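Each residue of the sequence shown is one higher than the one before, starting from 1 at the first, in the UniProt record's numbering. First comes the structure, then the notes that go with it.
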Amino acid sequence: MMHKEILLVEDNPDDVELTRIAFNEAKIANALTVVTDGAEALDYLFARGAHADRNPADLPSIVLLDLNLPKVDGREVLQAIRANEATRTLPVVVLTTSAEPFDVETSYALGVNSYIQKPVDFEQFVWAVKQVGLYWLVLNHPRTGG
1 MMHKEILLVE DNPDDVELTR IAFNEAKIAN ALTVVTDGAE ALDYLFARGA HADRNPADLP
61 SIVLLDLNLP KVDGREVLQA IRANEATRTL PVVVLTTSAE PFDVETSYAL GVNSYIQKPV
121 DFEQFVWAVK QVGLYWLVLN HPRTGG
């Protein structure tokens, strides 16, 4: 089975590094592709702009999406993913610092698969990211067709 990549949409370099550490500790072999704002996430997923040479049919296994992003926020990214036929069923997990009920409800209304508040504690953050990776990349059986 080919290991598809994980797309991490995160503007905080510390959280990017913690995510890398967590996946490494969980022995998750999938490549981690990082984009640092919502506009680049959309360009990557839809193979446009700086990512125009990428095959748009080669989608990641999962998108880990922060909500508070520069240029285009995470809610708009999620909305664009769900509005496009090619990416509509792509698993998206919001991984954000916000526990605001509005953010949680809006994310689910826009079609997020899971919403996780980033723990502040290092060990808890690593544990949470490991669990996300294990569930979505090992235990979950994704849809094979549209």
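All C-beta atoms in this analysis are idealised placements derived from N, C-alpha and C, irrespective of residue type, glycine included. As the structure is a computational prediction, the values presented were derived from the model and not from experiment.
Helix, strand or coil for residue i per DSSP?
| i | result |
| --- | --- |
| S114 | strand |
| I28 | coil |
| T106 | helix |
| V77 | helix |
| L69 | coil |
| L137 | helix |
| T19 | helix |
| L95 | strand |
| L42 | helix |
| A126 | One point to set straight first is that residue 126 is Val, not Ala, in the sequence displayed. Reduced to three states, the DSSP call for V126 is helix. |
Below 8 Å on the Cβ atoms is my contact criterion, and I expect residue i with residue j to pass it. Report the Cβ-Cβ distance as a whole number of Å.
| i | j | result |
| --- | --- | --- |
| F46 | G133 | About 24 Å separates the two Cβ atoms, so there is no contact after all. |
| L137 | L64 | Rounded, the Cβ-Cβ distance is 11 Å, inconsistent with contact. |
Spatial neighbours of residue i within its chain, please: CB distance less than 8 Å, with the 5 preceding and 5 following residues excluded, ordered by chain position.
| i | result |
| --- | --- |
| V126 | L18, I21, A22 and E25 |
| N55 | A47 |
Would you say residue i lies against chain D (beta-carbon separation less than 8 Å)?
| i | result |
| --- | --- |
| A39 | Note that chain D does not occur in the displayed structure, where there is just one protein chain. |
CA-CA distance, residue i and residue j?
| i | j | result |
| --- | --- | --- |
| T36 | L110 | 21 Å |
| G146 | T87 | With a pLDDT of only 48 at G146, under the threshold of 50, the placement of this residue in the model should not be trusted; the figure read from the coordinates follows. Cα to Cα, the separation comes out at about 9 Å. |
| T96 | S114 | 11 Å |
| L32 | L59 | 13 Å |
| A41 | F122 | 26 Å |
| A29 | K4 | 9 Å |
| A99 | Y108 | 13 Å |
| D43 | K118 | 25 Å |
Which same chain residues end up closer than 6 Å to residue i when comparing Cβ atoms and leaving out the 5 residues on each side of it in sequence?
| i | result |
| --- | --- |
| N84 | none |
| L69 | D11, D37 and G38 |
Who are the near neighbours of residue i in its chain, counting only those whose CB is closer than 7 Å to its CB and skipping five residues on each side?
| i | result |
| --- | --- |
| K130 | A22, E25 and A26 |
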